[in-house]
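Under the working numbering, think of the first position of the sequence shown as 357, with each following residue one higher. Cβ coordinates follow ideal geometry from the N, Cα and C atoms, glycine included. Structure, as structure tokens:
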Amino acid sequence: MLLLPPPNVLWTLVVLLALLAIATLAIKGWQWTHPQADLDSLQARMQSWWVILTCLGIALLLNRGAVVCFFALVSFLSLKEYLSLIPTRRVDRRVLFCAYLAIPIQYLWVWTDWYVMFLIFVPVYMFLFLPMRMLISGETEGFLRAIGTLHWGMMLTVFSLGHIAYLLMLNPAGNPGAGGAGLLLYLLILTEGNDIAQYCWGKSLGRHRIVPTLSPNKTWEGWMGGLLTTVLLAIALAPGLTPFPWPVALVLGLLLAMAGFIGDVTLSALKRDLGVKDSGTLLPGHGGILDRIDSLTYTAPLFFHLTVFFYFPAEALAPGSQSIIDQLLRSLSDFQGW
């Protein structure tokens with residue numbers, strides 16, 4: 357059933373599509389006036405962005421279930437790409453099947469709004485079950501490397517990304533203007549906007565490398581430009597998509613910019629270790645899907661837990677309960693006899 361998202365979310369999607377259309381036309385215009393310019397990679401990037409934004413927009417226009425399925429698919433493709441990169445043992449094929457099976461179960465906890473199981477299923481139960489299942493094969497050589505790489509892959513592609521979808525389950529009363537969909541869009545825009553801004557600032561002003569051994573294209577100028585851009589975006593978008601006042605938005609912008617950078621270079625370290633430039637070819641112009649969601653593996657859990665734990669009303673998780681801040685204030689008032 358077609359169920360339109362809150363107006364603020366709908367208008368944000370329209371603006372994003374308009375900006376993407378303007379950028380696409382600008383690239384085509386530049387190509388027409390400068391036929392010698394090599395813009396193939398940039399055009400491929402824009403085409404991939406059209407696919408990503410269209411799929412996300414359609415999911416948001418349908419219902420929460422469609423969005424949950426969309427991110428479950430992203431987790432599946434990400435884990436599949438990750439496992440295609442790392443060396444795996446032949447005897448572990450059934451273990452890998454169990455890892456894939458964890459994806460629909462993890463997103464089932466999202467869909468049913470079972471917060472506790474969502475938090476502990478992967479990092480507790482799956483992390484205990486997978487080594488046990490791996491030992492059934494009787495092969496101990498390379499055991500620690502095999503289980504360690506599998507655990508890390510599940511944390512990045514299943515557990516971390518699941519936090520994006522769970523934003524939709526938060527109580528709309530805590531964000532009347534845009535609901536959980538607004539928080540989801542806010543996270544995605546800031547994270548991906550930070551990546552784009554770092555790339556653009558680095559290309560135009562970049563001189564001093566930050567981590568030359570991991571990512572030679574990352575520069576201090578690009579990082580600072582991305583940080584400033586993300587903070588400004590966070591403050592500008594907060595009134596329409598979130599319940600955050602501007603000081604909270606400013607802090608979140610800073611934290612997400614730094615977390616996104618860490619996620620980016622962490623996946624760069626993985627690719628360096630494996631001797632590959634891109635994680636795949638699924639998204640032309642970007643590389644693989646891991647190349648596109650690397651920053652989100654760090655920003656998604658950070659944003660979700662900061663929002664819920666410190667600011668968003670906890671009725672979203674347990675009806676009738678209070679947020680941590682409300683509980684602290686109540687305890688303080690009781691202590692002082694207010």
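### Query
Does DSSP classify R628 as helix, strand or coil?
In the sequence shown, counting from the first residue as 1, residue 628 sits at position 272. In the structure shown, R628 sits in a helix (DSSP, three-state: H, G or I).
### Message
Between the alpha carbons of G538 and V664, how many angstroms are there, rounded?
### Response
On the sequence shown, residue 538 is found 182 positions in, with the first residue counted as 1. On the sequence shown, residue 664 is found 308 positions in, with the first residue counted as 1. C-alpha of G538 to C-alpha of V664: approximately 14 Å in a straight line.
### Task
Give the DSSP-derived three-state secondary structure of G643 in the structure shown.
Walking along the sequence shown from the start, residue 643 turns up at place 287. In the structure shown, G643 sits in a strand (DSSP, three-state: E or B).
### Between the CA atoms of T586 and A377 - distance to the nearest angstrom
For this step, residue 377 is matched to residue 21 along the sequence shown. For this step, residue 586 is matched to residue 230 along the sequence shown. For A377 and T586, the gap between their C-alpha atoms comes out near 22 Å.
### Message
Among the candidates L372, A534, F659 and W367, whose CA atom is the shortest distance from the CA of I520?
### Response
Here the question's residue 520 lines up with position 164 in the sequence shown. The shortest C-alpha separation from I520 is found at F659.
### Task
Hey, could you find the ends of the alpha helix (DSSP H) G596 is sitting in?
In the sequence shown, counting from the first residue as 1, residue 596 sits at position 240. In this chain, the alpha helix (DSSP H) harbouring G596 covers W576 to L597.
### Task
Using the Cα positions of L464 and F600, report the straight-line distance between them to the nearest angstrom.
Counted from its first residue, the sequence shown places residue 464 at position 108. Counted from its first residue, the sequence shown places residue 600 at position 244. So the two alpha carbons sit approximately 29 Å from each other.
### C-beta atoms of N364 and L526 nearer than 8 Å
Reading the sequence shown from its first residue, position 8 is the one you call residue 364. Reading the sequence shown from its first residue, position 170 is the one you call residue 526. Not in contact: N364 and L526 (Cβ atoms no closer than 8 Å).
### Message
Quick check on R565: does DSSP put it in helix, strand or coil?
### Response
Against the sequence shown, residue 565 aligns to sequence position 209. Correct three-state label for R565: strand.
### Message
At the level of alpha carbons, what is the spacing between W367 and T653?
### Response
Stepping through the sequence shown from its first residue, residue 367 is reached at position 11. Stepping through the sequence shown from its first residue, residue 653 is reached at position 297. Answer to the nearest angstrom: the Cα atoms are 27 Å apart.
### Same chain only: Cβ atoms within 6 Å of V424, ignoring 5 sequence neighbours per side
Counting from 1 along the sequence shown, the entry for residue 424 is found at position 68. The answer, listed in chain order, is Y463, V466, W467 and A521.
### Query
Apart from the five residues on each side of it in sequence, which residues of its chain come closer than 8 Å, Cβ to Cβ, to R489?
As a working note, residue 489 is residue 133 in the sequence shown. If we look at R489 and ignore the five residues flanking it on each side, its Cβ neighbours are R450, V451 and C454.
### Query
To the nearest whole angstrom, what separates the beta carbons of L439 and L369, a pair I think is in contact under 8 Å?
Counting from one through the sequence shown, the residue named residue 439 turns up at place 83. Counting from one through the sequence shown, the residue named residue 369 turns up at place 13. Not a contact, Cβ separation roughly 33 Å.
### Task
Just the C-alpha distance for P528 and G581, rounded to the nearest angstrom, thanks.
Your numbering for residue 528 matches position 172 in the sequence shown. Your numbering for residue 581 matches position 225 in the sequence shown. It is roughly 34 Å from the alpha-carbon of P528 to the alpha-carbon of G581.
### Query
Is the number of C-beta pairs between the region 398-417 and the region 630-642 that are closer than 8 Å three or more?
With the rule of 3 Cβ pairs closer than 8 Å, the region 398-417 counts as touching the region 630-642.
### Query
Nearest-angstrom Cα distance between D647 and S571?
Taking the first residue of the sequence shown as position 1, residue 647 is located at position 291. Taking the first residue of the sequence shown as position 1, residue 571 is located at position 215. Going by the C-alpha atoms only, they are around 13 Å apart.
#### Entry: Separation of L475 from G518, as counted between CA atoms
Working through the sequence shown from its first residue, we reach residue 518 at position 162. Working through the sequence shown from its first residue, we reach residue 475 at position 119. Going by C-alpha positions, G518 is about 10 Å away from L475.
### Query
According to DSSP, is N419 helix, strand or coil?
Taking the first residue of the sequence shown as 1, we reach residue 419 at position 63. Look at N419 here: in three-state DSSP terms it is coil, with no helix or strand label.
### Query
Pairing CB atoms from the region 374-389 with CB atoms from the region 608-624, are three or more of them under 8 Å?
The region 374-389, when compared against the region 608-624, does not touch it at the 8 Å Cβ threshold.
### Query
Near A615, which residues of its chain fall below 6 Å by C-beta distance, leaving aside the five closest residues on each side in sequence?
Start at 1 with the first residue of the sequence shown, and residue 615 comes out as number 259. Here the set comprises Y654, T655 and L658.
#### Entry: Nearest-angstrom Cα separation, counted from W576 out to G558
Here residue 558 refers to the residue found at position 202 of the sequence shown. Here residue 576 refers to the residue found at position 220 of the sequence shown. Taking the straight line joining both Cα atoms gives about 8 Å.
### Task
Report yes if the C-beta distance between L524 and L540 is below 8 Å; otherwise report no.
Here residue 524 refers to the residue found at position 168 when the sequence shown is read from its first residue. Here residue 540 refers to the residue found at position 184 when the sequence shown is read from its first residue. Yes. Within cutoff.
### Message
Less than 8 Å between C-beta atoms, sequence neighbours within five positions excluded: which residues of the same chain meet that for S651?
### Response
Counted from its first residue, the sequence shown places residue 651 at position 295. The answer, listed in chain order, is T547, E548, N550, D551, A615, G616, F617, G619 and D620.
### Task
Measuring alpha carbon to alpha carbon, tell me which of R563, V607 and A458 ends up nearest K436.
As a first step, residue 436 must be located in the sequence shown, where it is residue number 80. Among R563, V607 and A458, the Cα nearest to that of K436 belongs to A458.
### Message
Suppose you measure from the CA of M473 to the CA of F432; what does that come to, to the nearest Å?
### Response
By one-based count along the sequence shown, residue 473 stands at place 117. By one-based count along the sequence shown, residue 432 stands at place 76. Using only the alpha carbons, I get a separation of about 19 Å.
### Query
Looking at I591 and L611, is the spacing between their C-beta atoms short of 8 Å?
Along the sequence shown, one-based indexing puts residue 611 at 255. Along the sequence shown, one-based indexing puts residue 591 at 235. Contact flag unset, no.
### Query
Going by C-alpha distance, which of D629, L372, I649 and D634 is nearest T750?
Residue 750 lies beyond the stretch modelled for the chain, which goes from 357 to 694, so this question has no answer here.
### Task
From the DSSP output, in three-state form, read off P362 for me.
Numbered from 1 along the sequence shown, position 6 holds the residue referred to as residue 362. Here DSSP, grouped into helix, strand and coil, assigns P362 to coil.
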